[in-house]
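Counting along the sequence shown from 1, when you hit position 23 you're at 12 in the working numbering, and nothing is skipped either side. Below: one structure, written as structure tokens.
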Amino acid sequence: MPDPLALALAPQIGPSRLQQALATDLSVEAVAELLGREIASGYAKTLQEGRAEQEREQAARLGLRLIGLWEPDYPEVLRHLESPPMVLYLKGELPPSERNIAVVGTRKASPWATAWTHKVARELAEAGVGIISGLALGIDAASHKGALEGGGYTLGVLGSSMDRFYPPQNRALAERMNVLSEFPLGTPPQPGLFPRRNRIVAALAKAVLVVEAGEKSGSLITARFAAELGRDVLAVPGRPGDTFSLGCNRLIQDGAGLVMHTEDVLNALGVRAPQKQSVQLEGPEAQVYRALLELSEALPDDLAQTTGLSPAETLSVLTMLEIKGLVQSNAGRYSPI
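What follows is the structure in structure tokens.
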């Protein structure tokens, strides 16, 4: 019995050949006439071995939904890619709306970048923006965690198959969210697969935000795909000469939107920020926060000297300000958010 999934799993079949063959009755004879006997032979073998049925059964055991390029609920934004995924392996749901942003960056993220990403992703989720990323360590993981904390939608796109999850450190995180892959079950992570993953991340989002990236970061591949697809590219600036910020700074030089706050992202997406309750500070909290705003960044001892409070009281106040989401710490130094 002809089966489009069997054809998609056959050797030497890519999106172009699959789309050509989908216009036929998918018989081995029709495939042979259209694509040649060698390809038809591989297709016949996948049919004989029942590989499509095996793939469906294994996917069902893993709780996955398969969405083929030939099906009506296949996402249109992926269908129009130059090389669209032939089959999507999905745990959970696809993005429920177009209000999504891809958040990407280095796996070896600095503490400030991780904290900033988590906070901004949480606030974006609270504003109804979906977060899409690659479930990698560093910035990707921080964005997914922030979205979950904000009670919003988040999708991780893998550079391996769903049963060969990578990186294993984020497996518990993946259990809490939506996950997508285009790779047949049994496909291990390989360097060449991650750029393919990145094009899906860019295509599903309305814009791509690069938080922290070096000159050769894979995040820049996602940004390039986004630009080619007509998506907005946003970047968080870093200190001049900072190795991990060279990629972001270069993107801004080349015209990417500069992002400093959540509001910058919301404005780029055309999303109205939810009204926030103002936090009223009094006494020592107001003193320390005002001093920190003036200094931009400071050690607790500096703030103690500026405010006249004891070091112990200053640390206690900083802890409360951190809990209220007004300040963040990075390597012992504090800065306002």
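Just so it is clear, CB atoms sit at the ideal spot from N, CA and C, and this is done for glycine as well.
Below 8 Å on the Cβ atoms is my guess for residue i versus residue j; work out the distance and round it to an integer in Å.
i, j, result
"alanine 192", "leucine 218", "6 Å"
"glutamate 286", "serine 234", "Contact flag wrong, Cβ pair sits at about 16 Å."
"glycine 181", "arginine 153", "Rounded, the Cβ-Cβ distance is 15 Å, inconsistent with contact."
"proline 177", "serine 208", "That belief does not hold up - the Cβ atoms of proline 177 and serine 208 are roughly 22 Å apart, past 8 Å."
"proline -9", "proline 73", "That pair is no contact at about 21 Å."
Using a threshold of 8 Å, state whether the C-beta atoms of residue i and residue j are closer than that.
i, j, result
"arginine 185", "glutamate 171", "yes"
"alanine 320", "proline 100", "yes"
"glycine 57", "leucine -6", "yes"
"proline 61", "leucine 83", "no"
"leucine 281", "valine 306", "no"
"glycine 230", "methionine 166", "no"
"arginine 220", "valine 190", "no"
"leucine 169", "leucine 79", "yes"
"alanine 131", "threonine 103", "yes"
"valine 93", "valine 248", "no"
"asparagine 238", "glycine 246", "no"
If you drop the 5 nearest sequence neighbours on each side, which residues of the same chain put their C-beta closer than 6 Å to that of residue i?
i, result
"glycine 141", "Ala114"
"alanine 194", "Asn89, Ile90, Ala91 and Ile121"
"glutamate 204", "Leu235 and Gly236"
"leucine 284", "none"
"alanine 224", "Val199, Cys237, Leu240, Ile241 and Ala245"
Can you give me the start and stop residues for the alpha helix (DSSP H) that residue i sits inside?
i, result
"lysine 34", "26 to 38"
"isoleucine 210", "208 to 217"
"glycine 94", "Where glycine 94 is concerned, there is no enclosing alpha helix (DSSP H), given that its DSSP letter is neither H nor E."
"glycine 272", "272 to 284"
"leucine 193", "182 to 193"
"asparagine 159", "Premise fails: asparagine 159 is in no alpha helix (DSSP H) and is neither H nor E."
"methionine 309", "300 to 312"
"glutamine 291", "Note on residue identity: the sequence assigns aspartate, not glutamine, to residue 291. Its alpha helix (DSSP H) spans residues 289 to 296."
"aspartate 253", "251 to 258"
"lysine 108", "100 to 115"
"alanine -3", "-7 to -2"
"proline 4", "4 to 10"
"glutamine 242", "235 to 242"
"leucine 67", "65 to 68"
Considering only residues of the same chain and omitting the five flanking positions on each side of residue i, which have a CB-CB separation below 7 Å?
i, result
"glutamate -2", "With the sequence shown as reference, residue -2 is identified as leucine, and glutamate is not the correct amino acid for it. These residues qualify, in order along the chain: Thr35, Arg40, Ala41, Glu44 and Pro173."
"proline 156", "Ala125 and Leu126"
"leucine 70", "Arg188 and Ala192"
"proline 300", "Pro289, Asp290 and Ala293"
"alanine 216", "Val222"
"leucine 23", "Gln9, Ala10 and Thr13"
"arginine 279", "none"
"leucine 270", "Tyr278"
"aspartate 129", "Val93, Ser122 and Gly123"
"leucine 7", "Leu(-4), Ala(-3), Leu58 and Met75"
"proline 273", "Leu298, Glu302 and Val306"
Spatial neighbours of residue i within its chain, please: C-beta separation below 8 Å, excluding the five flanking residues on both sides.
i, result
"leucine 304", "Pro289"
"lysine 134", "His107, Ala110 and Leu162"
"tyrosine 32", "Ala(-5), Leu(-4), Ala(-1), Ile2, Val17 and Val20"
"glutamate 252", "Ala262"
"leucine 255", "Leu113, Ala116, Val118, Arg261 and Ala262"
"valine 277", "Leu292, Thr296, Leu298, Thr303, Val306, Leu307 and Leu310"
"glutamate 27", "Gln1"
"arginine 68", "Leu58"
"alanine 275", "none"
"glycine 139", "Ala110, Arg111, Glu112, Leu113, Ala114 and Glu115"
"valine 66", "Ala192 and Leu193"
"arginine 322", "Glu286, Ala287 and Leu288"
"proline 85", "Gly119 and Tyr142"
Mind checking which residues open and close the beta strand (DSSP E) that includes residue i?
i, result
"aspartate 221", "221 to 224"
"tyrosine 78", "76 to 80"
"tyrosine 323", "322 to 325"
"leucine 198", "196 to 199"
"asparagine 319", "316 to 319"
"glycine 141", "Element bounds for glycine 141: n/a, residue is neither H nor E."
"serine 170", "167 to 170"
"isoleucine 120", "119 to 122"
"leucine 55", "54 to 57"
Give a yes or no on whether 8 Å exceeds the smallest Cβ distance from residue i to chain B.
i, result
"glycine 139", "The question asks about chain B, but that chain is absent: this structure has only one protein chain."
Quick check: the stretch 103 to 119 against the stretch 133 to 152, are at least 3 beta-carbon pairs closer than 8 Å? Judged by Cβ distances under 8 Å, the stretch 133 to 152 makes contact with the stretch 103 to 119, as three or more pairs qualify.
Contact the stretch 208 to 217 vs the stretch 77 to 89: 3+ CB pairs below 8 Å: The stretch 208 to 217 makes no contact with the stretch 77 to 89, as fewer than three CB pairs between them are under 8 Å.
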